[in-house]
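If you're matching positions, the sequence shown starts at 1 in this note's numbering and goes up one per residue.
Cβ coordinates follow ideal geometry from the N, Cα and C atoms, glycine included.
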Amino acid sequence: QFTGEVCGSNFLIPTNGIIYSCCSSNDGQYVFASNWNNPWVEVIETASNTIVQTIPTGSGSLKMRTSNNGQWVFCSNTNSNTVSVIDVSTLQLIGNIPVGQMPRNIALSPDDAYLYVSNWRDWTMSVIDTETWLTITEVSVDYWPQAVWALPNNDYVLVANFGFDWTYDHISVIRTSDWEVIARLQTGAGPEDMMSIGPNGEYIFVSNWGMPCCFNVTSEVCCAGEVDKGSATIIATPDFDAIVPPGTIPDPIPYIQSTLTTVKLQAEYSFGMDAHPDGTAVYVVNKDSDSMSIIGFDDLPSFNVPGDICEYAKELTNPVFCLDDCTSGYSDDYNESCPFPETGGPDLVYKFDPLFTQTVNIDLCTSSYDTKVYIYEGTCESYNSGEAIYCNDDFCGVNGWRSRLEDVTFELGNTYYIIIDGWGAGDSGNFTMCFENDCPGDMNGDLIININDLLIFLSGMGGQFDTDDLMDFLGEFGSLCN
């Protein structure tokens, strides 16, 4: 229990080499630190802040992890291709387990029955039975596996792939019932560490090192870009059972985009991460900035995914400009025939309470999949209710299978729910929704764009609006609407 007595203080403990990572015993009595230069783990007694013991491990001691039950501590030895198992009660080495080449991160199943190890050079994940300390399988994943994490339901293990091309950096989703990779989940550039947040793992937080393509020495253009060095991606955990039914093997493996936001940490090369025990913040250390970033998430209500259902719809400030979003990973809660009677796909819900009566067009013509859009007034209706006040399936875009609504009137005093859906069960992905009206800078209907409109616009920054929208808005500032 931290009392606050040393708040604002820190202790530097001399060691005999580079400390790569650390973990603590569950009772807080000891900290275990991997020594990259020497084949051992340093044991630090927290009461005295001194090293009280060294435990032999293997060469290239790297990542540390404490078991959920507090019985063991593990250390990956990247040069020895082993994982060391340490008994916390005796501070003695139980043994070194052979794994794949260049083991990196370590995780355990929630019940501690399995130890998971990402093997950087082999492009695999080792699965080890903690009763026998034997490897039961090696799961082939994608390139350069780094972070690894088991979801609380024990049904899936996540392995982040740290690659050459940031547009394809992603998480391999492994089903534990048969050890099959059933999905790929997009993340940021160079995912270094990750963890789930919420009692059921409703969110996935990923720290992004950035510039992953620089491991490919021929990629000079990419390296010059220094892509996203220092960020954290926050992902709404998809319903993987709904995307790939249990017992089936997908072909091809679906690529899912379920990112809620990417937080710029104002630091370079984000590295390890952990959560505060009281659930108020995630901490990310930044290697080249000698700093630690703190991400608060009090504003994520009860871990309900924004936009998944009408009760937790994403708020629209005003139907102006364009916004980019994605329906992959969301559930299929609503459907309307517009006019084609198909099942619909994963859907995303926006809520709008107009500040004045206005008429707009809503365009999804450039979206990446077969879209459908419909609008409810007042409340969201039941599946296939036929109560949508506006509805369109096919209007424009590729094959004419994208959606557009024209002359949509939003009246002051009413609440509207805009549902972005797909035609069929397999139709989901990225979409761009553009709102067309005569005076996009007019946020309050007074026909002049001034400071009052700016204040309304700024309330939507970071949600509906981004910096490009801000520049468009400022370009109209001070003008009159015709």
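Query	Result
Find out if the Cβ-Cβ distance for the pair T492, S331 is shorter than 9 Å.	Nothing in the structure corresponds to residue 492, since the chain is present only between 1 and 482.
Could you give the residue range of the beta strand (DSSP E) that holds G422?	416-422
Within its chain, find whatever has a CB closer than 6 Å to the CB of I389; leave out the 5 residues flanking it on each side and keep chain order.	I375, E377
Is I523 buried or exposed, if buried means 16 or more other CB atoms sit within 10 Å of its CB?	Past the edges of the chain, shown from 1 to 482, lies residue 523, and the structure says nothing about it.
Are the beta-carbon atoms belonging to K99 and V73 less than 9 Å from one another?	The question names Lys, but residue 99 is Val in the sequence shown. Not a contact, by the Cβ cut-off of 9 Å.
Compute the Euclidean distance between the alpha carbons of P191 and S172, then round it to the nearest angstrom.	12 Å
Quick one: using the 10 Å Cβ neighbour count with 16 as the cut-off for buried, is G28 buried or exposed?	exposed
When the Cα atoms are used, what is the spatial distance from L488 to C75?	In this structure the chain extends from 1 to 482, so residue 488 is not present and cannot be described.
Tell me, please, which residues DSSP counts as bridged to F465.	M461
With burial defined as no fewer than 16 other Cβ atoms inside 10 Å of the residue's Cβ, what is the status of N384: buried or exposed?	exposed
Check this for me: beta carbons of G230 and Y269, under 9 Å apart or not?	yes
Measuring CA to CA, which of Y334, W423, L412, C391 is closest to S507?	The displayed coordinates of the chain run from 1 to 482. Any statement about residue 507 would go beyond what the structure contains.
Could you pull the start and end residues of the alpha helix (DSSP H) that I243 belongs to?	240-243
Enumerate in chain order the residues of its own chain whose CB-to-CB distance from I51 is below 6 Å, with the five nearest sequence positions on each side excluded.	E42, I44
Count the other CB atoms, across all protein chains shown, that sit within 10 Å of the CB of T248; report buried if there are 16 or more and exposed otherwise.	exposed
Taking all protein chains shown into account, do 16 or more other C-beta atoms lie within 10 angstroms of the C-beta of N49, making it buried, or fewer, making it exposed?	exposed
Tell me which residue opens and which closes the beta strand (DSSP E) that D324 is part of.	322-326
Using CA atoms only, rank isn't needed, just tell me which of M433, A47, G272, M125 is closest to L348.	M433
Decide if D324 is buried, meaning its Cβ has at least 16 other Cβ atoms within 10 Å, or exposed.	exposed
Note the first and the last residue of the continuous beta strand (DSSP E) segment covering V73.	72-77
Since I174 and Y156 should fall inside the 8 Å C-beta cutoff, what is the C-beta to C-beta distance between them, to a whole number of angstroms?	6 Å
I'd like the list of long-range same chain contacts for D239, defined as Cβ closer than 7 Å, with 5 residues on each side in sequence excluded.	S331
Determine which residues share a DSSP beta bridge with I97 and list them.	V83
Tell me which residues share the same chain as N318 and place their Cβ nearer than 6 Å to its Cβ, disregarding the 5 neighbours each side in the sequence.	M443
Under the three-state reduction of DSSP, which class applies to Y312: helix, strand or coil?	helix
Tell me which residues share the same chain as A313 and place their Cβ nearer than 8 Å to its Cβ, disregarding the 5 neighbours each side in the sequence.	P306, G307, V349, Y350, K351, Y417
Taking only the alpha-carbon atoms, compute the straight-line gap between N487 and T259 and give it to the nearest angstrom.	Nothing about residue 487 can be reported from this structure: the residues present for the chain run from 1 to 482 only.
Helix or strand or just coil, what does DSSP make of N437?	coil
With DSSP as the reference, label M443 as helix, strand or coil.	coil
Using DSSP with H/G/I as helix, E/B as strand and the rest coil, what is G475?	helix
Can you give the beta carbon distance from G95 to N77, rounded, assuming they're within the 8 Å contact cut?	At roughly 12 Å, the Cβ-Cβ gap does not stay under 8 Å, so G95 and N77 are not in contact.
Apart from the five residues on each side of it in sequence, which residues of its chain come closer than 7 Å, Cβ to Cβ, to C396?	C365, R402, R404
Under DSSP, the beta strand (DSSP E) around L108 begins and ends at which residues?	103-108
Determine, using beta carbons only, whether T233 and T187 come nearer to each other than 9 Å.	yes
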